[in-house]
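> Residue numbers (mature numbering (1 follows the signal peptide of the UniProt record, and there is no 0)): -18 to -1, 1 to 282.
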């Protein structure tokens, strides 16, 4: 039987009345399941010391077989523990030598925004880069920011984890006990929220472009309608991912219908069982478009 436990990903989007978020269609696409290595030693990994606010971002030996403390999602934010905590510049202090920490991911927090270019990880809209403190690869060395130099201390490489992304449960941010659900495995089946029970219609997989459920059905925008308020459905996944109605982008902190300005939205913010989920114009700081992701695994 399947049960759900929280290990991962705070991926946020949004929609109530407000101003459009200008970054939503421009942010970097997020790449999941990444390990970040200092260029000076590929056997070392950037590591979150713990899943707590203020925990150090430090260098440690890479753990064979992987570890959630070393598995990052890399985009406009860099998330640890599947996305609940973000790489964060301590107190937003724009000074050489400021240590890096982990902090709960917060939409729009500029202390958590990064731009990856080649082997450089730059604090967005600043002249500071992620820096291996003193070029020291000793375990426990806390990384820092430093004025960008293109030097070896600021060169980072990534590798993709060997473990496939897990089955996931998708929960609205307002409730840890409510899940995105496809109750019926048929073309045109509705997508709603229901109390989490680890049933097959609540167990999703994502490859970074599509969200599938029931094995071979994909999250789908009904008739490709770009209007606000279009209910989501499931439909047979299109081989080769050729159906644009089934493409969703994890873009920065948004879950967005690819190549549009529409985001996954909890209709009217209503958590009542059976409430449909819709698409809506992506709007910043809107709790209707906040979704938490948890791993769904078999229990003993």
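Cβ coordinates follow ideal geometry from the N, Cα and C atoms, glycine included.
Would you kindly check if the distance between the Cβ of residue 96 and the Cβ of residue 104 is under 9 Å?
As a working mapping, residue 104 is identified with position 122 in the chain shown. As a working mapping, residue 96 is identified with position 114 in the chain shown. It is a contact, given that the beta carbons lie within the stated cut-off.
> Candidates 118, 110, 91: which alpha carbon is nearest residue 28's?
Walking along the chain shown from the start, residue 28 turns up at place 46. The shortest Cα separation from residue 28 among 118, 110, 91 belongs to 118.
> Using the Cβ count rule (16 or more neighbours within 10 Å means buried), how would you classify residue 20?
By one-based count along the chain shown, residue 20 stands at place 38. Buried.
> Quick check: what's the CA-CA separation for residue 166 versus residue 26?
As a first step, residue 166 must be located in the chain shown, where it is residue number 184. As a first step, residue 26 must be located in the chain shown, where it is residue number 44. So the alpha carbons of these two residues sit roughly 46 Å apart.
> With a cut-off of 8 Å, do at least 3 Cβ pairs link the region 256 to 274 to the region 196 to 216?
Segments in contact, yes.
> Hey, which unbroken runs of the beta strand (DSSP E) at 3 residues or more fall wholly within the region 192 to 242?
Listed in chain order, the complete beta strand (DSSP E) runs (minimum 3 residues) inside the region 192 to 242 are 193 to 195, 199 to 203, 212 to 218, 230 to 233, 236 to 239.
> Determine, using beta carbons only, whether residue 69 and residue 188 come nearer to each other than 9 Å.
Position 87 of the chain shown, counted from the first residue, corresponds to residue 69. Position 206 of the chain shown, counted from the first residue, corresponds to residue 188. No, the pair does not count as a contact, with Cβ atoms beyond the cut-off.
> Between residue 136 and residue 107, which are expected to be in contact by the criterion C-beta below 8 Å, what is the C-beta distance as a whole number of angstroms?
In the chain shown, the residue the question calls residue 136 occupies position 154. In the chain shown, the residue the question calls residue 107 occupies position 125. Incorrect: roughly 17 Å between the Cβ atoms, too far for contact.
> With 16 other CB atoms within 10 Å as the buried threshold, where does residue 131 fall?
Here residue 131 corresponds to residue number 149 of the chain shown, with the count starting at 1. Residue 131 should be labelled exposed.
> If you draw a straight line from the C-alpha of residue 139 to the C-alpha of residue 197, how long is it?
By 1-based counting over the chain shown, the position of residue 139 is 157. By 1-based counting over the chain shown, the position of residue 197 is 215. Using only the alpha carbons, I get a separation of about 34 Å.
> State the Cα-Cα distance for the pair residue 43 and residue 227, rounded to the nearest angstrom.
Here residue 43 corresponds to residue number 61 of the chain shown, with the count starting at 1. Here residue 227 corresponds to residue number 245 of the chain shown, with the count starting at 1. Cα-Cα distance, rounded: 42 Å.
> For the beta strand (DSSP E) holding residue 175, just list the boundary residues, first then last.
Against the chain shown, residue 175 aligns to sequence position 193. Residue 175 -> beta strand (DSSP E) spans 174 to 177.
> Shortest alpha-carbon distance to residue 109 belongs to which of 115, 122, 127?
Stepping through the chain shown from its first residue, residue 109 is reached at position 127. Selected option, being the one with the closest Cα: 127.
> How about residue 41 and residue 175: are their beta carbons less than 9 Å apart?
Taking the chain shown and counting its residues from 1, one reaches residue 41 at position 59. Taking the chain shown and counting its residues from 1, one reaches residue 175 at position 193. No, they are not a contact pair.
> So if DSSP puts residue 46 in a beta bridge, which residue, or which two residues, is it bridged to?
Here the question's residue 46 lines up with position 64 in the chain shown. Residue 46 pairs with nothing; no bridge assigned.
> What are the partner residues of residue 99, as DSSP defines its beta bridges?
Taking the first residue of the chain shown as position 1, residue 99 is located at position 117. Per DSSP, 102.
> Between residue 163 and the rest of its own chain, which residues show a CB-CB distance below 8 Å, the 5 nearest in sequence each way excluded?
Sequence index remark: in the chain shown, residue 163 carries index 181 (1-based). Answer for residue 163: 173, 174, 175, 176, 181, 183, 184, listed in chain order.
> Please state the DSSP three-state secondary structure of residue 57.
Here residue 57 refers to the residue found at position 75 of the chain shown. In this structure, residue 57 counts as coil in the three-state DSSP scheme.
> Is residue 167 helix, strand or coil when you go by DSSP?
Walking along the chain shown from the start, residue 167 turns up at place 185. In this structure, residue 167 counts as coil in the three-state DSSP scheme.
> On the criterion of 16 or more Cβ atoms from any shown chain inside 10 Å, does residue 57 qualify as buried, or is it exposed?
Working through the chain shown from its first residue, we reach residue 57 at position 75. Burial call: buried.
> Residue ranges of each alpha helix (DSSP H) run of no fewer than 4 residues wholly in the region 60 to 94, ordered along the chain?
As far as the region 60 to 94 is concerned, it has no whole alpha helix (DSSP H) run of at least 4 residues.
> Give the DSSP bridge partners of residue 259, in chain order.
In the chain shown, residue 259 corresponds to position 277, counting from 1. Partner(s): 248.
> Taking just the CA atoms, how far does residue 129 sit from residue 93?
Against the chain shown, residue 93 aligns to sequence position 111. Against the chain shown, residue 129 aligns to sequence position 147. Rounded to the nearest angstrom, the two C-alpha atoms are 15 Å apart.
> What is the rounded straight-line gap between the Cα of residue 269 and the Cα of residue 249?
Translated into the one-based positions of the chain shown, residue 269 becomes position 287. Translated into the one-based positions of the chain shown, residue 249 becomes position 267. Those two C-alpha atoms are separated by around 11 Å.
> Given residue 192, which residues of its chain have a CB within under 8 Å of its CB, disregarding the five upstream and five downstream residues?
Stepping through the chain shown from its first residue, residue 192 is reached at position 210. Same-chain partners within the cutoff: 200, 201, 219, 223, 228, 229, 230.
> Does residue 116 come out as helix, strand or coil in the three-state DSSP assignment?
Indexing the chain shown from 1 puts residue 116 at position 134. Helix.
> Candidates 120, 23, 190: which alpha carbon is nearest residue 232's?
To locate residue 232, count along the chain shown from 1; it is residue 250. When only C-alpha atoms are compared, the closest one is 190.
> Short of 7 Å in beta carbon distance, which residues of its chain neighbour residue 205, apart from the five on each side in sequence? Order them along the chain.
Along the chain shown, read from residue 1 onward, the residue named residue 205 stands at position 223. Answer for residue 205: no residue qualifies.
> Going by the CB atoms, is the gap between residue 215 and residue 247 shorter than 9 Å?
Taking the first residue of the chain shown as position 1, residue 247 is located at position 265. Taking the first residue of the chain shown as position 1, residue 215 is located at position 233. For residue 247 and residue 215, no; Cβs fall outside 9 Å.
> Go ahead and label residue 154 buried or exposed: buried means 16 or more other beta carbons lie within 10 angstroms of its beta carbon, across all protein chains shown.
Translated into positions along the chain shown, residue 154 becomes position 172. With 16 or more Cβ atoms within 10 Å of its Cβ, residue 154 is classed as buried.
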